Structure formats: structure tokens, C-alpha cells
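The first sequence begins at 1 in the UniProt record's numbering and counts up by one.
The beta-carbon is built from N, C-alpha and C at its ideal position, and this holds for glycine as well.
All of these numbers come straight from a predicted model, not from anything done at the bench.
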Amino acid sequence: MPELPEVETVRDGLDRLVVGAVVRDVEVFREYSVRRHDGGPGSFRDQLAGRRLSAAVRRGKFLWLPLEEAATVQPVQPVQPEPVEAYPAAALLAHLGMSGQLLVRGAVLSGEQTPTAVLGDEPGRATAADDWRHPHLRVRLHLTGAPSGARYLDFVDQRTFGHLSVQDLVHDHVPTRGSATPPSAVPAGHGSDLPLLPEPVAHIARDLLDPNLDLDDLVRRVRRRRTQVKRALLDQTVLSGVGNIYADEALWRARVHWARQTDKLRVADVRRVLDSAAEVMREALAQGGTSFDELYVNVNGQSGYFDRSLAVYGRENEECRRCGALVRRDAFMNRSSFSCPVCQPAPRTRTP
DNA sequence: CATGTTTCCTGTCTGC
DNA sequence: TGCAGACAGGAAACAT
Numbered sequence: 001m002p003e004l005p006e007v008e009t010v011r012d013g014l015d016r017l018v019v020g021a022v023v024r025d026v027e028v029f030r031e032y033s034v035r036r037h038d039g040g041p042g043s044f045r046d047q048l049a050g051r052r053l054s055a056a057v058r059r060g061k062f063l064w065l066p067l068e069e070a071a072t073v074q075p076v077q078p079v080q081p082e083p084v085e086a087y088p089a090a091a092l093l094a095h096l097g098m099s100g101q102l103l104v105r106g107a108v109l110s111g112e113q114t115p116t117a118v119l120g121d122e123p124g125r126a127t128a129a130d131d132w133r134h135p136h137l138r139v140r141l142h143l144t145g146a147p148s149g150a151r152y153l154d155f156v157d158q159r160t161f162g163h164l165s166v167q168d169l170v171h172d173h174v175p176t177r178g179s180a181t182p183p184s185a186v187p188a189g190h191g192s193d194l195p196l197l198p199e200p201v202a203h204i205a206r207d208l209l210d211p212n213l214d215l216d217d218l219v220r221r222v223r224r225r226r227t228q229v230k231r232a233l234l235d236q237t238v239l240s241g242v243g244n245i246y247a248d249e250a251l252w253r254a255r256v257h258w259a260r261q262t263d264k265l266r267v268a269d270v271r272r273v274l275d276s277a278a279e280v281m282r283e284a285l286a287q288g289g290t291s292f293d294e295l296y297v298n299v300n301g302q303s304g305y306f307d308r309s310l311a312v313y314g315r316e317n318e319e320c321r322r323c324g325a326l327v328r329r330d331a332f333m334n335r336s337s338f339s340c341p342v343c344q345p346a347p348r349t350r351t352p
């Protein structure tokens with residue numbers, strides 16, 4: 001799945017290849033993929049055409065490109081009063097769901113940039129400025145004026161849990177510790193202290209790679225909850241960016257069972273779980289830049305390039321890399337939890 | 001209000 | 001060989 005490290009890799013690629021480009025046209029092949037856009041495909045197209053993609057920003061697994069009016073390519077529409085804010089008032093918001101990809105086509109890559117390592121394009125088709133349409137192509141943005149020469153930004157999504165929309169930028173609904181603070185990847189030169197987020201992201205908590213995350217506060221908020229620790233890890237309003245895979249990996253590293261109650265965990269345990277989650281995601285991100293090119297596109301149910309490094313996820317009845325016990329799998333929230341029965345002893349009262 | 005459960009979707013895999 | 005059912009999962013929507 002594209003989790004935080006994968007989304008960050010994509011964000012970085014968009015930053016280098018499509019930021020600065022102007023959207024010339026939009027094709028929506030699957031209406032469902034823009035279901036969260038208010039107004040439908042026609043409105044989606046209208047709100048993008050003629051706008052410049054001015055930055056690439058991420059929080060958790062949400063990714064967005066703030067929009068600016070393009071001075072050169074003005075769409076034919078009535079003149080509207082300019083917003084006073086210097087920061088863009090709207091953004092193209094993307095969530096990759098579990099199988100979404102953003103593929104840049106036609107970019108001329110320079111130097112060290114490996115074509116296929118940038119945005120998960122397919123080997124052999126990576127550099128060509130072709131019009132080839134992926135079987136799961138849902139939305140295509142036609143670009144012009146990209147410094148990289150990128151012609152298309154393709155949204156490809158097999159299982160269609162991902163989505164695109166144009167959203168107003170609003171102030172953070174859940175500022176950490178009282179004061180409004182900026183999102184994690186605020187573009188340079190855009191007033192980095194302006195805490196503007198797409199509306200659907202405004203209630204999403206900061207992620208573990210956010211330099212402005214208050215870790216002590218997060219520990220307190222986790223322990224204040226009365227639920228299983230893994231539920232807390234997956235809760236958007238507590239912490240963003242952690243999915244089922246990295247939750248299991250973090251808990252294994254921290255030697256904490258997924259069903260432990262948050263309000264009974266010690267501060268040191270919670271801190272260790274969070275540190276482990278940050279660590280495993282940083283490692284995945286580090287690998288994401290290099291070795292995933294031939295595998296990253298294969299997000300059809302497998303975790304892809306990071307597979308080899310996984311300690312427990314998807315390894316039912318295989319040996320724990322630490323103690324050799326057989327990894328167990330439990331049903332959890334209509335999915336699975338993987339854990340080591342020895343390293344991560346289950347709490348007494350709750351026995352699934 | 002806080003927490004738990006269901007639902008959306010498509011392609012692959014398993015078992016009968 | 002076919003085909004129903006299980007499975008994968010983020011997060012909104014709904015339920016308790």
C-alpha cells in the first residue's frame with residue numbers, strides 16, 4: 001500500500017517534476033475517482049483548467065498541490081475579485097487509497113534522477129512521452145509549462161479507494177497545543193507560517209515525520225484514550241500516516257501487543273511505539289528512493305519494495321526474526337494483525 | 001462526546 | 001475448469 005513513506009516519495013517527485021506546470025485540460029475517466037469533489041467531474045475540470053500547480057505538500061497520507069492563477073493561460077470565465085491572501089486559496093487534493101498512483105508522463109529527467117524511481121512509472125515505459133493509457137487510468141491532467149517538460153499527470157488506481165478533488169484551503173482545525181501551526185511540508189516562499197490545509201485535511205493530526213509534531217503531547221493524547229493501542233495508532237485524529245502495515249511493524253519493534261489498552265500503557269511504552277513507527281517509516285522512505293522502481297507499481301495487495309524488511313506483517317506462521325517463534329495472525333477491524341506471541345505477549349483480559 | 005462498526009471498490013487467490 | 005466467497009485496506013458514514 002502507499003503509506004506515508006510512499007506518499008512522501010510521490011510528493012517529492014511531484015515537487016521536482018510538475019510544480020510550476022499549468023493545467024491545460026482534465027479528463028475524468030472514472031467519476032467515482034472524483035467523488036469527493038463538490039460539483040462532479042465538470043466542476044473538477046473547470047476549477048483546475050488554467051491553474052498553476054504551485055507546490056507539493058503532504059500531511060500523513062494526504063497530498064495536495066496548491067493552485068495559483070496562471071498569468072499566461074487565462075480560462076474564459078468572468079473576472080472575479082482576487083482573494084487578498086497571498087497564499088493560494090485552493091488546492092488539488094489527492095489520496096492514493098490503497099492502490100493509487102500518480103504518474104508523470106513526458107518529463108525529461110536529468111542527471112541522477114532515475115526515470116522509474118520518481119513516481120512509480122513502469123519500466124520500459126518510463127521516459128517516453130507517450131499517450132499510453134494504463135488500464136486503470138482514472139484521471140489525466142494535461143500539463144503545459146512544466147520545467148521538466150511533463151505533459152501528463154496520470155491518476156491510476158486499480159481499487160478506486162483513492163480520490164482527487166479541488167478543495168478550499170482553510171485554517172487547521174486541530175492545532176497542537178492551542179497554537180495554530182503550519183503543515184509539514186510547507187513550500188518555501190509561500191509564507192511557511194500560514195497554517196492552511198485543504199478542508200478534508202483540517203481535522204487530520206500531524207504525522208511522525210512532521211518537524212512541528214509535539215511528541216510529548218502526542219504521548220499524552222494516546223494515553224488519554226481508552227482503546228487498544230493499534231486502534232489509536234490508526235486513528236487519523238490522533239496521529240496520521242500510520243497504516244496497518246507500519247502499525248504492526250512498529251508494535252513488533254516496540255515489543256507491544258496490538259490489543260494492549262492505551263490507558264494502561266506506561267509513558268515509556270507509548271514513546272517506544274511511536275519512536276519505532278517513526279523509525280520504520282524513515283527506513284522505508286530511505287529505501288523508497290532507490291530500489292522500488294520495478295516493484296512500486298505492483299501495489300495490488302502487496303506492500304512492494306519494503307517487503308523484505310518486514311518483520312511480522314504478512315508473515316503468519318513464519319519465524320520471528322528476533323526469537324524464532326511463529327508469527328501469529330489475529331482478526332482485527334475486518335483485517336489482520338500480525339504479531340510475535342513471545343516478543344509481544346497478549347494482555348490477559350482481552351483474548352481474541 | 002468517545003469509541004466501535006460498516007461501507008465503499010476491484011482484482012487476485014482459495015476452496016469446493 | 002468454473003465460480004462463489006474471502007481477502008486486501010483508508011477513512012467517511014453510521015451506530016452505540
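#### Entry: Residue range of the beta strand (DSSP E) that includes Val26
22-28
### Task
Check whether the Cβ atoms of Pro41 and Val28 lie closer than 7 Å to each other.
yes
### Cβ neighbour criterion (16 or more within 10 Å) applied to His134
buried
### Query
Under the three-state reduction of DSSP, which class applies to Phe62: helix, strand or coil?
strand
### Task
Leaving aside the five residues before and after Arg140 along the sequence, list all residues of the same chain whose C-beta is less than 6 Å from its C-beta, in chain order.
Glu27, Tyr152, Asp154
### Task
Taking Asp217 as part of the alpha helix (DSSP H), name the residues at either end of that continuous run.
215-224
### Task
Kindly identify the DSSP beta-bridge partner or partners of Tyr152.
Arg105, His142
### Task
Look at the alpha carbon of Ser33 and the alpha carbon of Gly60, and state the distance between them as a whole number of angstroms.
20 Å
#### Entry: Alpha carbon of Leu239 to alpha carbon of Arg282, nearest angstrom
16 Å
### Query
Using 8 Å as the threshold, is the segment 247-261 in touch with the segment 6-24, meaning 3 or more CB pairs across them?
no
### Message
Starting from Arg51, trace the beta strand (DSSP E) in both directions and tell me its first and last residue.
### Response
51-53
### Task
Could you check what DSSP says for Gly40 in three-state terms: helix, strand or coil?
helix
### Query
Considering only residues of the same chain and omitting the five flanking positions on each side of Ser303, which have a CB-CB separation below 8 Å?
Any reading at Ser303 needs caution, since the residue's pLDDT is 39, under 50, leaving its predicted position unreliable; the model's value is listed next. These residues qualify, in order along the chain: Met1, Ile245, Leu310, Tyr313, Gly314.
### Query
Considering only C-alpha positions, which residue in the set His37, Arg335, Cys320, Asp172 is nearest to Gly162?
His37
### Task
Would you kindly work out how many angstroms separate the C-alpha atoms of Glu316 and Leu93, rounded to a whole number?
36 Å
### Inside the segment 227-299 only - alpha helix (DSSP H) runs reaching at least 4 residues
229-234, 244-254, 267-288
### Cα-Cα separation, Ala117 to Arg348
At Ala117 the pLDDT is 37, less than 50, meaning the model places this residue with poor confidence and gives no usable figure here.
### Task
Could you name the residues of the same chain whose beta carbon sits closer than 6 Å to that of Arg225, not counting the 5 residues immediately before and after it, in chain order?
Ala232, Thr262
### Task
Report back the beta-carbon spacing between Gly106 and Gly149 to the nearest angstrom; my notes put them in contact at under 8 Å.
6 Å
### Task
Please report the residue range of the beta strand (DSSP E) in which Asp168 lies.
163-171
#### Entry: Endpoints, the beta strand (DSSP E) within which Asp207 is located
That residue, Asp207, is in no beta strand (DSSP E); it is neither H nor E in DSSP.
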